[in-house]
Amino acid sequence: MRERWRSGLVFVISTLLFVGIVLFAPGSETSALRRLLGLGGDPLGAPADVPPGGVYAFLEHQPGDEDAPVAWDPCREIRYEINPDGAPDGAGETEAFVADAVAEVSAVTGLRFEYGGRTDRRPRWSGAFVPMGGREPVLISWATESEVDQLEGDVAGLGGSAARSGNDGRLRFVTGGVTLDIESFDDLEDERDGEDYQRAILLHELGHLVGLDHVDSPAELMFADNVGQLGFGRGDLNGLVELGKGTCA
Ligand SMILES: [Zn+2]
114 MRERWRSGLV
124 FVISTLLFVG
134 IVLFAPGSET
144 SALRRLLGLG
154 GDPLGAPADV
164 PPGGVYAFLE
174 HQPGDEDAPV
184 AWDPCREIRY
194 EINPDGAPDG
204 AGETEAFVAD
214 AVAEVSAVTG
224 LRFEYGGRTD
234 RRPRWSGAFV
244 PMGGREPVLI
254 SWATESEVDQ
264 LEGDVAGLGG
274 SAARSGNDGR
284 LRFVTGGVTL
294 DIESFDDLED
304 ERDGEDYQRA
314 ILLHELGHLV
324 GLDHVDSPAE
334 LMFADNVGQL
344 GFGRGDLNGL
354 VELGKGTCA
């Protein structure tokens, strides 16, 4: 059974799935309010130093600028919530599993994440994703293909974010989600190294969440199919570093 995973193509760790873009300027976010809330000015962290090389791609670019990715605002924390229903482990263990992967993405990008606790919210991968004016926390959840159509077949997870335009006209991600396939995670429970594969799926989807697209190289974790890559490759790391260099709103 284990070789099934090694030889690849058994499951697809998919794809982005939604990048909705809502174009409007958030009126309430004046700079004065931001300062009042302590949100102002400087990035909260700095991207890591990583060796050059590899390949990466971005999900979205700034309008008219192919070199500038859409990224999260590095001056504010990315709030996330977890709905542990359907995860193979108990809620506490699930939170630790997610926190560990989130910490890795944070360390590479310099983006700061803040855990907002457990939630009953369910994932929504169709329709209007960004409520007008809203900034819903990122939702990390588990679901079946009967609830979330996009998990049909061998898809082991979904990840993506939605952007909106700031007062300066730049697009920034404001909310997003990662949904993991209950069936795939349950199957991996019985595999040797299954937990490592579960973690790789989550890292891949978090890569989408912060703005990475798929690449053709199987040496990168952002390859669309998992063929045994368990951690970020060199190109993944370089792409994550670039996504940590977004501009502050
Ligand atoms: Zn993917």
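In terms of our numbering, the sequence shown opens at residue 114 and continues consecutively.
Each residue gets a CB set at the ideal place from its N, CA and C atoms; glycine is no exception.
Cβ neighbours of residue 299 within its own chain (closer than 7 Å, five residues either side excluded): 201. In the DSSP secondary-structure assignment, residue 175 is bridged to 178.
Straight-line measurement puts the Cα of residue 296 at about 22 Å from the Cα of residue 215. Counting of Cβ neighbours within 10 angstroms places residue 257 among the exposed residues, the total staying below 16. Judged by DSSP secondary structure, residue 271 falls within the beta strand (DSSP E) whose first and last residues are 268 to 278.
Counting only residues of its own chain and dropping the five nearest sequence neighbours on each side, residue 255 has a CB closer than 6 Å to the CB of 199, 200, 293 and 295.
Going by DSSP, residue 217 is part of the alpha helix (DSSP H) stretching over 204 to 222. Bounds of the beta strand (DSSP E) holding residue 287 are 284 to 294.
Annotation for residue 186: 285, 359, 361 and 362 place their beta carbon closer than 7 Å to its own, counting only its chain and skipping 5 residues before and after. Membership of residue 312 in the alpha helix (DSSP H) is indicated by the continuous run 307 to 323. A distance below 8 Å between beta-carbons, with the five flanking residues on each side excluded, links residue 159 to the following residues of its chain, in chain order: 223 and 357. When secondary structure is reduced to three states using DSSP, residue 254 falls in the strand class. The Cβ atoms of residue 270 and residue 318 sit closer than 7 Å to each other. Per DSSP, the unbroken alpha helix (DSSP H) holding residue 347 starts and ends at 347 to 356.
Residues of the same chain with a CB within less than 8 Å of the CB of residue 179, apart from the 5 flanking positions on each side, do not exist. Taking the CA atoms as reference points, residue 344 sits about 8 Å from residue 316. Here residue 326 is actually not in contact with residue 157; their C-beta atoms are around 25 Å apart, not less than 8 Å. In this structure, residue 251 and residue 322 form a Cβ contact; the two beta carbons are roughly 7 Å apart against a cut-off of 8 Å. According to the DSSP secondary-structure assignment, residue 196 is paired through a beta bridge with 254. When only Cα atoms are considered, residue 233 and residue 329 end up about 36 Å apart. At a Cβ-Cβ threshold of 7 Å, residue 192 and residue 227 count as neighbours.
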